[in-house]
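Chemist:
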Amino acid sequence: MIALVVAGLAALVLAGAAGSQQVLVVTDDEGETVQSIPVEGNATVVLEYTHSVEKTTVRDIYVVREEGLAMTRMEFRSYGAGLPARADVEITDDGTFIYELPADDPSPLHIATGEIAGHELIVDGDRYDLVDLADGGTVTLTVETTRGL
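First residue of the sequence shown? That's 157 in our numbering, and the numbers climb one at a time after it.
1) Would you mind reading off the limits of the beta strand (DSSP E) that contains residue 261?
2) Would you be able to state if there are at least three C-beta pairs under 8 Å between the segment 281-290 and the segment 186-194?
3) Would a C-beta distance cut-off of 8 Å place residue 210 and residue 176 closer than the cut-off?
4) Whole-angstrom Cβ separation of residue 252 and residue 181, contact assumed at under 8 Å?
5) For the segment 268-283 against the segment 221-238, do three or more pairs of beta-carbon atoms, one drawn from each stretch, fall closer than 8 Å, so that the two count as touching?
6) Beta strand (DSSP E) containing residue 219: first to last residue?
7) Grouping DSSP H, G and I as helix and E and B as strand, with all else coil, what is residue 180?
8) Return yes when the Cβ of residue 184 is within less than 8 Å of the Cβ of residue 226, no when it is not.
9) Might you give, ordered along the chain, the residues of its own chain that have their beta carbon closer than 7 Å to the beta carbon of residue 224, omitting 5 neighbours on each side?
10) Which residues in the same chain as residue 246 place their Cβ atom closer than 6 Å to its Cβ, once the five residues preceding and following it in sequence are excluded?
11) Kindly indicate which residue of 212, 293 and 280 has the alpha-carbon position closest to the one of residue 198.
12) Secondary structure at residue 289, three-state DSSP: helix, strand or coil?
13) I think residue 178 touches residue 195, with their Cβ atoms under 8 Å apart; what is that distance to the nearest whole Å?
14) Taking C-alpha atoms, which residue in 284, 283, 207 and 276 lies nearest to residue 239?
15) Closest by CA to residue 219, which one among 283, 212 and 230?
16) Rounded to whole angstroms, what's the CA-CA distance from residue 275 to residue 204? Just pull it up for me.
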């Protein structure tokens with residue numbers, strides 16, 4: 157009988173571990189969750205916005221890690237304030253600058269959204285309007301692991 161109970165508990169623990177899921181969580185200024193998006197480990201997450209001075213598109217690319225989002229590259233169409241002017245960049249055929257970043261430590265990402273910038277989050281091809289989700293305020297992006305059971 158004890159062996160059956162132990163085997164049953166082991167099966168539940170294994171099922172819970174197998175049922176874990178990473179979730180990209182977007183919280184607002186008040187710490188309230190405004191969006192939860194299931195993500196796979198090593199998935200790509202893009203923050204896309206318009207540079208406030210240059211009026212060109214900037215794309216910050218992150219990779220999902222267990223500890224959070226790690227920025228891996230930046231794509232932009234012109235140099236401007238806040239963009240890596242002295243970095244070693246590659247220029248594509250269409251004129252996009254690609255800046256490959258060294259390994260970044262995953263951490264929460266805080267974004268002060270704005271109407272001009274029009275911050276959007278792109279996950280698995282789906283777009284999320286961060287300005288709308290934040291009601292024009294700040295959002296924080298974190299990666300959490302949920303467990304089954």
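We put the CB at the ideal spot given by N, CA and C, even for glycine.
Modeler: Considering the structure as presented:
1) Residue 261 -> no beta strand (DSSP E), and no H or E assigned at all.
2) yes
3) no
4) Rounded, the Cβ-Cβ distance is 30 Å, inconsistent with contact.
5) no
6) 213-221
7) DSSP places residue 180 in strand when its eight states are reduced to three.
8) no
9) 262, 263, 264, 298 and 299
10) 254, listed in sequence order.
11) 280
12) When DSSP states are grouped into helix, strand and coil, residue 289 belongs to the helix group.
13) For residue 178 against residue 195, the beta-carbon gap comes to about 5 Å, under 8 Å, which counts as contact.
14) Ranking the options by Cα distance to residue 239, first place goes to 207.
15) When each option's Cα is compared against that of residue 219, the closest is 230.
16) 6 Å
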